[in-house]
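Single-structure report; data block below.
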Amino acid sequence: MPPQAVVDLHTHSLRSDGRETPAEVVAAAAAAGVDVIALTDHDVYSGWAEADVAGTRLGVTVVPGVEVSCRWRGISVHLLGYLPDPTHRGLLAELEESRASRDTRLRRMVDLLAAEGYPISYEEVLQEAGPDATLGRPHVADVLVRNGVLADRSAAFETLLVPGSPFYVSHYAPDPVRATELVVAAGGVPVMAHPFASTRGRVVEESLIEEMAQAGLAGLEVDHRDHGPAEHARAERTATRLGLLRTGSSDYHGSGKPNRLAENTTRPEVLEQILERGSGTPLLGAPLGARRRA
Numbered sequence: 001m002p003p004q005a006v007v008d009l010h011t012h013s014l015r016s017d018g019r020e021t022p023a024e025v026v027a028a029a030a031a032a033g034v035d036v037i038a039l040t041d042h043d044v045y046s047g048w049a050e051a052d053v054a055g056t057r058l059g060v061t062v063v064p065g066v067e068v069s070c071r072w073r074g075i076s077v078h079l080l081g082y083l084p085d086p087t088h089r090g091l092l093a094e095l096e097e098s099r100a101s102r103d104t105r106l107r108r109m110v111d112l113l114a115a116e117g118y119p120i121s122y123e124e125v126l127q128e129a130g131p132d133a134t135l136g137r138p139h140v141a142d143v144l145v146r147n148g149v150l151a152d153r154s155a156a157f158e159t160l161l162v163p164g165s166p167f168y169v170s171h172y173a174p175d176p177v178r179a180t181e182l183v184v185a186a187g188g189v190p191v192m193a194h195p196f197a198s199t200r201g202r203v204v205e206e207s208l209i210e211e212m213a214q215a216g217l218a219g220l221e222v223d224h225r226d227h228g229p230a231e232h233a234r235a236e237r238t239a240t241r242l243g244l245l246r247t248g249s250s251d252y253h254g255s256g257k258p259n260r261l262a263e264n265t266t267r268p269e270v271l272e273q274i275l276e277r278g279s280g281t282p283l284l285g286a287p288l289g290a291r292r293r294a
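Right under this line is the structure:
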C-alpha cells in the first residue's frame with residue numbers, strides 16, 4: 001500500500017443514520033481524494049454491495065465494516081468491526097435483535113410524539129430511512145425538521161429526543177465485551193469508536209476497555225472530532241498502555257453534520273495490520289493503491 005494513501009475508516013450511509021447512499025459516500029470519498037474508506041453503518045451490512053460497485057468504478061478501496069451499538073452500565077458504546085463474515089450466526093443474531101428492538105422503540109417514540117400533537121407518523125419515519133436501513137433517532141429528527149418542528153438534527157437531539165425526555169425510549173444493545181468476542185469470532189477486527197467523547201454523554205471506565213482488550217479488541221479510534229485535547233491524550237495513552245492500534249476517522253454522515261471526509265485519518269501501516277488480522281470477508285471496491293496508480 002502506498003505510504004501516502006489516505007485512509008478513512010468510519011463512515012455512514014442511508015442504510016443507517018447517514019444522508020447519502022453507499023455509492024454517494026464512495027463518490028464523495030473519491031472527490032475528497034480518499035483512497036480507502038470503511039463503510040460502517042450501525043448494526044447492518046446492507047450497504048456493502050452498492051459500495052463495492054461504486055468503489056470498483058471510482059478506484060476507491062472499501063473496507064466492509066459495521067458499527068455495533070452496545071451498552072455498558074447505561075452508557076452507549078460503539079464498536080467498529082472491520083472485515084467480519086456477514087453470515088456469522090452469532091454476530092448476525094445480535095445485530096438483528098438490535099435492529100428489531102430499534103424498530104419497536106421508534107414506533108413507541110413516534111406514538112408518544114404524535115400523542116402530544118407533533119406532526120409525525122411511523123410511515124414518515126420509514127420513508128425517511130429508506131429500505132434496509134437501521135432505524136434510529138436521526139430518522140425521527142429528520143421528519144420533525146422536514147415538518148417544521150425543529151431547525152435541524154442537533155436541535156432534535158438536544159430537546160425532544162435527548163435521553164431523559166418524555167419521548168425518549170431506549171433499545172436493546174449488547175454488552176461491548178460480548179460484541180467484541182462476536183466480531184472476533186466472525187473473523188473481524190474490533191476497534192472501539194471515540195472511546196472518551198464526553199460531548200456525547202458519559203464515557204466508560206478504562207476497566208471496560210481492559211476487558212474488551214482481553215476479549216480481542218484490536219484498537220481505539222483516537223483521532224476523532226469529538227475528542228478534545230485531553231480526551232485525545234487519554235485515548236492515546238490508553239492505546240499505548242494496552243498495546244492497541246490507534247486509528248483516526250471522520251465519522252462521516254453527509255450533509256447535516258459537520259464531519260468531513262478525511263478530517264481524521266488512519267496511517268496506512270495501521271490499516272495493513274487490520275487487514276492482516278481480518279479474515280471474515282475480503283476487501284471491496286478497487287484493489288489497494290488503485291487511485292495512486294491511475
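Numbered by full-length UniProt numbering, the letters in the sequence shown go through residues 1 to 294 in order.
Even for Gly, the Cβ is constructed at its ideal location relative to N, Cα and C.
Assuming the contact rule is C-beta atoms closer than 8 Å, residue i and residue j should be a hit. Round their C-beta distance to whole Å, please.
i           : j           : result
residue 188 : residue 278 : 6 Å
residue 273 : residue 245 : 6 Å
residue 191 : residue 247 : 6 Å
residue 262 : residue 34  : 5 Å
residue 226 : residue 197 : 4 Å
As a quick exercise: from the options, pick the residue whose alpha carbon is nearest that of residue i.
i           : options              : result
residue 89  : 186, 74 and 155      : 186
residue 131 : 146, 21, 267 and 263 : 21
residue 299 : 232, 215, 258 and 82 : Nothing in the structure corresponds to residue 299, since the chain is present only between 1 and 294.
residue 151 : 256, 178 and 103     : 256
residue 84  : 290, 280, 54 and 287 : 280
residue 125 : 27, 134, 140 and 230 : 140
Where do the ends of the alpha helix (DSSP H) carrying residue i lie?
i           : result
residue 154 : 153-158
residue 28  : 22-31
residue 182 : 176-185
residue 53  : 48-58
Where does the unbroken beta strand (DSSP E) through residue i begin, and where does it stop?
i           : result
residue 71  : 61-72
residue 134 : Here residue 134 belongs to no beta strand (DSSP E), and DSSP marks it neither H nor E.
residue 190 : 189-192
residue 321 : Lying outside 1 to 294, the shown extent of the chain, residue 321 is not represented and no answer is given.
residue 38  : 36-39
Whole runs of the beta strand (DSSP E) within the stretch 75-122, excluding any shorter than 3 residues:
75-82
Contact between the stretch 206-217 and the stretch 104-122: three or more CB pairs below 8 Å?
no
Pick out the complete beta strand (DSSP E) segments inside the stretch 202-267, 3 residues or longer, and give them in chain order.
Fully enclosed beta strand (DSSP E) runs of 3 or longer: 219-223 and 245-248.
Validate contact between the stretch 64-76 and the stretch 40-55 using beta carbons, cut 8 Å, 3 pairs:
The stretch 64-76 vs the stretch 40-55: in contact.
If you pair each beta-carbon of the stretch 95-105 with each one of the stretch 168-180, do three or more pairs fall below 8 Å?
yes
Can at least three beta-carbon pairs, one atom from the stretch 6-14 and one from the stretch 261-268, be found at a separation below 8 Å?
yes
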